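Enquirer: Numbering (the UniProt record's numbering), first residue to last: 1 to 456. From the three backbone atoms N, C-alpha and C, an ideal C-beta is built for every residue, glycine too. Keep in mind the model is a prediction, meaning the values are calculated, not measured. To start, I am sharing the structure in question, which I have written as structure tokens.
Pasting the structure below:
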């Protein structure tokens with residue numbers, strides 16, 4: 001089996017200014033003002049991801065639950081990100097998309113990847129995409145990144161343009177957004193995903209052009225026309241971008257200069273809270289880049305795939321909390337006990353989620369309908385490690401007498417007999433800051449390496 005991702009705490013924070021420092025007191029603001037200086041995403045671009053696409057499915061799920069990713073939201077994608085974007089654009093749900101793509105990975109895991117990936121993927125797309133998918137995806141709502149090799153002419157070289165690493169060969173990018181038929185849409189998606197050897201031939205013919213993976217020229221494309229589109233990226237690349245040389249790569253042939261089409265604006269998006277990524281915002285990734293790279297090249301076991309989905313959910317929800325789309329002190333409107341996100345995390349034993357929520361400014365002194373704080377709930381349900389964490393962060397005890405009981409011990413005994421001893425995390429009803437109650441769950445904040453709810 002594949003190695004499990006390391007906890008975030010096992011890595012030293014990346015050396016760059018935190019989002020909270022860049023925004024001053026924004027994270028300490030009240031729920032009504034939190035994130036008001038951040039533009040609401042009006043589109044999303046999904047990066048190339050290889051075989052770690054479940055990260056995208058997790059983010060897709062949270063963004064849909066929060067009402068930020070609707071059927072009318074423009075989306076773009078490269079390679080595996082194009083598959084996720086297309087499935088959303090043609091009306092498929094996150095769970096449907098995850099099912100289809102996971103089946104592709106299982107086939108490749110069991111039967112091999114070399115020369116097979118393209119054929120397995122094509123069969124899945126033909127079997128699963130709706131009959132009118134090309135019409136649904138031609139409403140200026142989907143943009144598929146495709147790369148095409150070209151020869152840099154002598155005149156262009158004399159004018160200062162260079163091919164890759166000074167050679168006369170280059171790749172040019174195109175975003176395809178209108179599809180004449182279902183076959184045309186499938187052809188665009190297969191071209192965007194075409195990696196030589198994995199998919200057979202070195203190149204794929206699409207619209208009379210030879211094409212290769214769309215992520216090679218535009219790793220995480222954004223929908224044209226959007227003013228505050230957010231990237232969903234499965235790789236931690238912010239520090240690499242910040243350390244890259246200035247320039248657009250045209251004169252030098254260096255595709256990794258900061259303004260090159262490969263990743264132009266990557267760090268700027270992070271500064272503006274428009275980057276959902278393993279190293280977004282506070283700059284720590286729960287999985288090393290090298291490990292993610294290995295997973296992207298070879299299909300992993302189902303446990304690892306699910307952990308990747310949890311990573312995507314966690315990073316998307318955390319980014320939306322930071323951006324003010326979800327109130328960090330949101331209360332589960334579906335619960336008679338008025339549990340906050342922090343309370344739900346504490347009673348479920350999700351230590352990592354508690355740590356992240358506290359760092360985001362969640363109110364540890366808030367009480368539920370019975371006067372209990374997150375610290376009370378952690379102790380009541382036997383999660384001593386969570387209680388220790390909250391106590392170290394200064395979390396107070398509540399007032400169980402609010403519920404009419406004489407003492408804390410008596411009250412907790414009564415509560416324990418009245419409620420399940422290991423409740424699941426509340427699954428919906430948390431109000432976002434800008435939309436009616438939606439399904440952003442505390443489970444999404446549990447880091448990929450966290451054990452299941454109910455354990456420390």
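Pick from 363, 179 and 367: whose alpha carbon is nearest that of residue 394?
Expert: The sequence position of residue 394 within the chain shown is 394, counting from 1. It is 363 whose Cα lies nearest to the Cα of residue 394.
Enquirer: Helix or strand or just coil, what does DSSP make of residue 262?
Expert: Translated into positions along the chain shown, residue 262 becomes position 262. Residue 262 falls in the coil class under three-state DSSP.
Enquirer: How would you call residue 308, buried or exposed, if buried means at least 16 neighbouring beta carbons within 10 angstroms?
Expert: Position 308 of the chain shown, counted from the first residue, corresponds to residue 308. That one is buried.
Enquirer: Might you give, ordered along the chain, the residues of its own chain that have their beta carbon closer than 8 Å to the beta carbon of residue 213, omitting 5 neighbours on each side?
Expert: Against the chain shown, residue 213 aligns to sequence position 213. Excluding positions up to five away in sequence, the list reads 48, 78, 79, 147, 192, 193, 194 and 195.
Enquirer: Taking the alpha carbon of residue 122 as the reference point, which residue from 64, 182, 178 and 71 has its own alpha carbon closest?
Expert: The count along the chain shown starts at 1 and reaches residue 122 at position 122. Out of 64, 182, 178 and 71, 182 has the C-alpha closest to the C-alpha of residue 122.
Enquirer: In the DSSP assignment, find the beta strand (DSSP E) that holds residue 75 and state where it starts and stops.
Expert: Walking along the chain shown from the start, residue 75 turns up at place 75. Residue 75 -> beta strand (DSSP E) spans 75 to 78.
Enquirer: From residue 127 to residue 75, what does the alpha carbon distance come to, in whole angstroms?
Expert: Translated into positions along the chain shown, residue 127 becomes position 127. Translated into positions along the chain shown, residue 75 becomes position 75. Answer to the nearest angstrom: the Cα atoms are 23 Å apart.
Enquirer: Starting from residue 147, follow its DSSP beta bridges and name the residues at the other end.
Expert: Here residue 147 corresponds to residue number 147 of the chain shown, with the count starting at 1. Note: residue 147 sits in a beta bridge opposite 173 and 212.
Enquirer: Assign residue 327 to one of two classes, buried (16 or more other C-beta atoms within 10 Å of its C-beta) or exposed (fewer than that).
Expert: Reading the chain shown from its first residue, position 327 is the one you call residue 327. Under this definition residue 327 is a buried residue.
Enquirer: Here's a check: name, in chain order, each residue in its chain whose Cβ is nearer than 8 Å to the Cβ of residue 251, leaving out the five neighbours to either side.
Expert: Numbered from its first residue, the chain shown carries residue 251 at position 251. Here the set comprises 160, 161 and 162.
Enquirer: Could you have a look at residue 386 and say whether DSSP puts it in helix, strand or coil?
Expert: Counting from one through the chain shown, the residue named residue 386 turns up at place 386. The answer is helix: DSSP assigns residue 386 an H, G or I state.
Enquirer: Compare the beta carbon distance of residue 54 and residue 342 with 7 Å and say whether it is the shorter of the two.
Expert: Position 54 of the chain shown, counted from the first residue, corresponds to residue 54. Position 342 of the chain shown, counted from the first residue, corresponds to residue 342. No.
Enquirer: Mind checking who residue 204 pairs with in its DSSP beta bridge?
Expert: The residue labelled residue 204 in the question sits at position 204 within the chain shown. Partner(s): 211.
Enquirer: Measure the alpha-carbon distance for residue 178 versus residue 137 and round it to whole angstroms.
Expert: Within the chain shown, residue 178 is the residue found at index 178, counting from 1. Within the chain shown, residue 137 is the residue found at index 137, counting from 1. Each residue's alpha carbon lies about 7 Å from the other.
Enquirer: Excluding sequence positions up to five away, which residues of its chain have a Cβ less than 6 Å from the Cβ of residue 199?
Expert: Numbered from its first residue, the chain shown carries residue 199 at position 199. 117 and 118.
Enquirer: Mind the definition here: the segment 201 to 209 touches the segment 90 to 100 only if three or more C-beta pairs lie below 8 Å; say whether that holds.
Expert: Counting Cβ pairs under 8 Å, fewer than three are found: no touch.
Enquirer: Smallest Cα separation from residue 142: which of 57, 290 and 43?
Expert: What you label residue 142 is simply residue 142 of the chain shown in a count that begins at 1. Minimum Cα distance to residue 142 is reached at 43.
Enquirer: With a Cβ-Cβ cutoff of 7 Å, do residue 274 and residue 221 count as a contact?
Expert: If you number the chain shown from 1, residue 274 lands on position 274. If you number the chain shown from 1, residue 221 lands on position 221. The answer is no: Cβ separation not under 7 Å.
Enquirer: Going residue by residue through the segment 89 to 165, where are the continuous alpha helix (DSSP H) segments of at least 4 residues, counting only ones entirely within it?
Expert: 94 to 111, 117 to 128, 133 to 136 and 154 to 158, all fully within the segment 89 to 165.
Enquirer: So, at 7 Å on beta carbons, what are the nonlocal neighbours of residue 90 in its own chain, with the 5 sequence-adjacent residues on each side left out?
Expert: Along the chain shown, one-based indexing puts residue 90 at 90. Around residue 90: 129, 130, 133, 136 and 137.
Enquirer: Have a look at 390, 107 and 61 and flag the residue whose alpha-carbon is nearest the alpha-carbon of residue 88.
Expert: Taking the chain shown and counting its residues from 1, the one referred to as residue 88 is at position 88. Residue 88 has its Cα closest to that of 61, out of 390, 107 and 61.
Enquirer: Quick one: give me the first and last residue of the beta strand (DSSP E) that residue 45 is part of.
Expert: Locating residue 45 in the chain shown gives position 45, counting from the first residue. First-last of the beta strand (DSSP E) with residue 45: 44 to 46.
Enquirer: So is residue 310 buried or exposed if we call it buried at 16+ other beta carbons inside 10 Å?
Expert: On the chain shown, position 310 is the one that residue 310 refers to. Classification of residue 310: buried, given that the 10 Å Cβ count is 16 or more.
Enquirer: Given a cut-off of 7 Å on the beta-carbon distance, is the pair residue 217 and residue 254 in contact?
Expert: Counting from 1 along the chain shown, the entry for residue 217 is found at position 217. Counting from 1 along the chain shown, the entry for residue 254 is found at position 254. No.
Enquirer: Pick helix, strand or coil for residue 231, following the three-state DSSP scheme.
Expert: Here the question's residue 231 lines up with position 231 in the chain shown. DSSP places residue 231 in strand when its eight states are reduced to three.
Enquirer: By the 10 Å Cβ neighbour count, where 16 or more other Cβ atoms means buried, how is residue 398 classified, buried or exposed?
Expert: Within the chain shown, the letter at position 398 stands for residue 398. It is buried - the Cβ of residue 398 has at least 16 other Cβ atoms within 10 Å.
Enquirer: Label residue 139 either buried or exposed according to how many other C-beta atoms from any shown protein chain fall within 10 Å of its C-beta, with 16 as the threshold for buried.
Expert: Working through the chain shown from its first residue, we reach residue 139 at position 139. Exposed: under 16 other Cβ atoms inside 10 Å.
Enquirer: Rounded to whole angstroms, what is the Cα-Cα separation between residue 260 and residue 392?
Expert: In the chain shown, counting from the first residue as 1, residue 260 sits at position 260. In the chain shown, counting from the first residue as 1, residue 392 sits at position 392. About 45 Å.
Enquirer: So who's on the other strand from residue 275, going by DSSP bridges?
Expert: For this step, residue 275 is matched to residue 275 along the chain shown. Per DSSP, 231.
Enquirer: Give me the Cα-Cα distance between residue 103 and residue 356, rounded to the nearest whole angstrom.
Expert: Indexing the chain shown from 1 puts residue 103 at position 103. Indexing the chain shown from 1 puts residue 356 at position 356. The straight-line gap from Cα to Cα measures roughly 33 Å.
Enquirer: Looking at the strands, I want to know which residues DSSP matches up with residue 340.
Expert: Along the chain shown, one-based indexing puts residue 340 at 340. According to DSSP, which records beta bridges pairwise, residue 340 is partnered with 331.
Enquirer: How is residue 295 classed by DSSP in three states: helix, strand or coil?
Expert: Numbered from 1 along the chain shown, position 295 holds the residue referred to as residue 295. Here residue 295 sits in helix by DSSP.
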